[in-house]
Structures are given as structure tokens and as C-alpha cells.
Amino acid sequence: MSSVNKSILLVDDDQEIRELLETYLTRAGFQVRATADGAGFRQALNEAPSDLVILDVMLPDEDGFSLCRWVRQHPRQAQVPIIMLTASSDEADRVIGLELGADDYLGKPFSPRELQARIKALLRRAQFAHERSGSEVLVFDDWRLDTVSHRLFHNDGEEVILSGADFALLKLFLDHPQQILDRDTIGNATRGRDLMPLDRIVDMAVSRLRQRLRDTEKPPRLIRTVRGSGYQLAANVVAGNAH
Numbered sequence: 001m002s003s004v005n006k007s008i009l010l011v012d013d014d015q016e017i018r019e020l021l022e023t024y025l026t027r028a029g030f031q032v033r034a035t036a037d038g039a040g041f042r043q044a045l046n047e048a049p050s051d052l053v054i055l056d057v058m059l060p061d062e063d064g065f066s067l068c069r070w071v072r073q074h075p076r077q078a079q080v081p082i083i084m085l086t087a088s089s090d091e092a093d094r095v096i097g098l099e100l101g102a103d104d105y106l107g108k109p110f111s112p113r114e115l116q117a118r119i120k121a122l123l124r125r126a127q128f129a130h131e132r133s134g135s136e137v138l139v140f141d142d143w144r145l146d147t148v149s150h151r152l153f154h155n156d157g158e159e160v161i162l163s164g165a166d167f168a169l170l171k172l173f174l175d176h177p178q179q180i181l182d183r184d185t186i187g188n189a190t191r192g193r194d195l196m197p198l199d200r201i202v203d204m205a206v207s208r209l210r211q212r213l214r215d216t217e218k219p220p221r222l223i224r225t226v227r228g229s230g231y232q233l234a235a236n237v238v239a240g241n242a243h
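Heads up, the final residue of the sequence shown is numbered 243 in the UniProt record's numbering, and it's a clean run with no missing numbers.
In C-alpha cells, the structure reads:
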């Protein structure tokens, strides 16, 4: 996938890292905007959309977690892919970021080449999901998913904001209703990153999606755990209308 015309918004308070990444990614063909704090990031995203954002966790005015939460609630940029950067090796930070809707996580120090590879992987996934979606609306249980806009609606009118990872996982289940999907299949389709053990990544992703779908009964009613095998969407899926 070509990086030409793909825009990236980066926030990092370390001037050296910020300038290094801005130079490296610009040379790779990306259009890069870089800011040093949360206020600058909010202003920049409101002024113009981006194809991907990179959030440093530790910033002088607010942390990357609050910015991640804000992006996922943004009226125009809620689905933009998010990569979070951190100097912490604490798995708890990674868990928090992923639960808030980040699509990938990279610990400092890191190779700019690795960051570029992850950027391209996320942009490919976003493009692939858009190309596959056509104009289809999928109806299941009490929900309706618009696969073009990635907007999820409940029958009571509530709209649920989905991250890129949320959408990819939900679309995987909707493409294979009533089928048992193992962790390898889910992991490869939704993230494919060795941020932490695969089982942990998949279980977190499924738990987060259950929260989005109000599937919090014990045991869950909609996305069932099949012990020793994986997970299953226990619902019929039909093509529906956009309204």
C-alpha cells in the first residue's frame, strides 16, 4: 500500500523523537503533523482529519490515555487507527490503552522502521475493511452495523463507537455466525502483534466487544466462550437497510 497522501498526526513531548519521526515518516511519503502536547493535538485533529494518529502516553498537560478516549468519541475521527507509544514496560499500560480503543502499542526505545511497518499494517487493515464493506448493513440480534461508516446502532437508538480493532473483530464474527473461531484466527484477523501473549490479547478484545454489545450476562449470551476451542457468535446475521 502506498503511503503517498496518507496523513499522520503525532504527539510526543520529546523534541528529538518528534523531529526524528517527522523526518523519517515524511521521507517515507507520509504527510506528518507533529505536536508536543495534548492541547496541540486536540487542536490539530479538529482542524483537519488524519489517516492515523500516534499518541505518546506521557505528556506535559494530559496523558495519551485521555487523548485516546477523546479520539474514540470524536464526531468525525472516531474510527481513525491509533498507535500508542510508551517508555513503560508495565503490561497494565498496554491493557489500559487497548481497552480504551488503541489499535497498536509500541514501547520505547523502538526502531522507526518497526513503527513504519506497524503504521502500514494498520492502514492496510483499514483500507481492506473499507473495500470489503461495500454498502452493506448487517443486522444481528438487537444491533445494526453499517460496514461503510463502521457505525453500530442498537434498536433503542444508541450509537456505539467502535475502534478499528473492535470493528475488525465484530466483522469477523458477523462473517462467520454460529461458527467457533479459535484464538489464532481471531488474533491474526484483528491484531497479529506480540504485545503480550496471544490468549491475553484475544480475551481482552472479546471482552471489550462484549461490553460494546451489552453482552455482560454470566455466561455471555451473544458471544459465547467455547471452552478449549475459542468463541462463537450465537446470532443470525442478515443484510438490512441503512435506516
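Glycine included, every Cβ here is placed at the ideal spot set by N, Cα and C.
Asked: On the CB-based measure, 16 or more other CB atoms within 10 Å of its CB, does Ser111 come out buried or exposed?; Found: exposed
Asked: Tell me the residue span of the alpha helix (DSSP H) that contains Ala34.; Found: Taken as a continuous stretch (DSSP letters only), Ala34 belongs to no alpha helix (DSSP H), being part of the beta strand (DSSP E) at Gln31 to Thr35.
Asked: Helix, strand or coil: how does DSSP classify Met84 here?; Found: strand
Asked: Here's the rule I'm using: 16 or more other beta-carbon atoms within 10 Å means buried, otherwise exposed. How should Gly29 be labelled?; Found: exposed
Asked: List the endpoints of the continuous beta strand (DSSP E) containing Gln232.; Found: Gly230 to Leu233
Asked: Would you report the Cα separation of Leu233 and Arg224, rounded to the nearest angstrom?; Found: 6 Å
Asked: Do Leu52 and Leu122 come within 8 Å of each other at the CB atom, strictly closer than that value?; Found: yes
Asked: Applying the criterion that 16 or more other CB atoms from any shown protein chain within 10 Å of the CB defines a buried residue, is Val238 buried or exposed?; Found: exposed
Asked: Which residues bound the alpha helix (DSSP H) around Ala48?; Found: That residue, Ala48, is in no alpha helix (DSSP H); it is neither H nor E in DSSP.
Asked: May I have the straight-line CA-CA distance separating Asn46 from Ile96, to the nearest angstrom?; Found: 24 Å
Asked: In whole angstroms, give me the CA-to-CA distance for Leu195 and Ile201.; Found: Residue placement at Leu195 cannot be trusted, given a pLDDT of 49 that sits under 50; what the coordinates show is reported in the next sentence. Computed Cα separation, rounded: 8 Å.
Asked: Can you give the Cα-Cα distance for Gly192 and Lys6, rounded to whole angstroms?; Found: With a pLDDT of 46 at Gly192, under the threshold of 50, the modelled position of that residue is not reliable, and the figure given next carries that caveat. Approximately 22 Å, taken between the alpha carbons.
Asked: According to DSSP, simplified to helix, strand and coil, what is Asp13?; Found: coil
Asked: Using a Cβ-Cβ cutoff of less than 6 Å, which residues in the same chain neighbour Ala102 once the five nearest sequence positions on both sides are dropped?; Found: Cys68, Ile82 and Met84
Asked: First and last residue of the beta strand (DSSP E) that includes Gly240?; Found: Val237 to Gly240
Asked: For Leu145, name the three-state secondary structure that DSSP assigns.; Found: strand
Asked: Let me make sure I understand the geometry here. Which of Thr185, Pro75, Thr23 and Asp182 has the alpha-carbon closest to that of His150?; Found: Pro75
Asked: Does DSSP put residue 251 in a helix, in a strand, or in coil?; Found: Given a span of 1 to 243 for the chain in the structure shown, any question on residue 251 remains unanswerable.
Asked: Look up Leu181 in the DSSP assignment and say whether it is helix, strand or coil.; Found: strand
Asked: Would you give the residue range spanned by the alpha helix (DSSP H) that Phe65 belongs to?; Found: Gly64 to Arg72
Asked: Return the residue from the list Gln43, Thr26, Ala39 and Pro60 that minimises the CA-CA distance to Asp13.; Found: Pro60
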